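Everything on this sheet refers to the single structure shown next.
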Amino acid sequence: ISVADKLGVNKFNVYEEKSHIVIDKQYPDAAEVDRVVRICPAALYTADANGVRFDYLGCLECGTCRVLSGGKVVTDWQYPVGSFGVSFRKS
Ligand code: SF4
4 ISVADKLGVN KFNVYEEKSH IVIDKQYPDA AEVDRVVRIC PAALYTADAN
54 GVRFDYLGCL ECGTCRVLSG GKVVTDWQYP VGSFGVSFRK S
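In structure tokens, the structure reads:
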């Protein structure tokens with residue numbers, strides 16, 4: 004079973020009104036941006052000449068981007084409110 008298939012069994016209850024992660028979409032250091040893009044296990048970050056994009060809908064809440072970004076690209080990281088966020092399921 005592929006990683007994408009394994010991640011696909013999880014359930015997400017998305018809080019649509021506010022992302023639990025805030026990023027600096029125009030962070031100027033390409034190496035820092037590339038680090039965040041590469042470390043997310045759910046591949047939620049992408050970057051191109053227009054800046055960084057982030058899709059919080061599939062976040063696994065692992066906190067890796069928060070730790071490795073050091074407040075640079077990821078400027079705020081909170082767990083989702085209430086009963087929102089990921090529910091892990093076993094395939
Ligand atoms: Fe990706 Fe983990 Fe950061 Fe969520 S918390 S965006 S899964 S690195």
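Under UniProt numbering, the first residue of the sequence shown carries the number 4, and numbering increases by one thereafter.
For glycine and all other residues, C-beta sits at the position ideal for the given N, C-alpha and C.
Please read these numbers as outputs of a predicted model, since none were measured by experiment.
Asked: Nearest-residue set for ligand 1, Cβ under 5 Å from any heavy atom; Found: 43, 45, 47, 62, 63, 65, 67, 68
Asked: Terminal residues of the alpha helix (DSSP H) in which residue 66 lies; Found: Segment: none, residue 66 is in no alpha helix (DSSP H) and carries neither H nor E.
Asked: Closest residue to residue 72 among 60, 38, 49, 5 (Cα-Cα distance); Found: 38
Asked: Within 8 Å, strictly: CB atoms of residue 18 and residue 91; Found: no
Asked: Close beta carbons around residue 85, own chain, < 8 Å, minus the five adjacent residues each side; Found: 18
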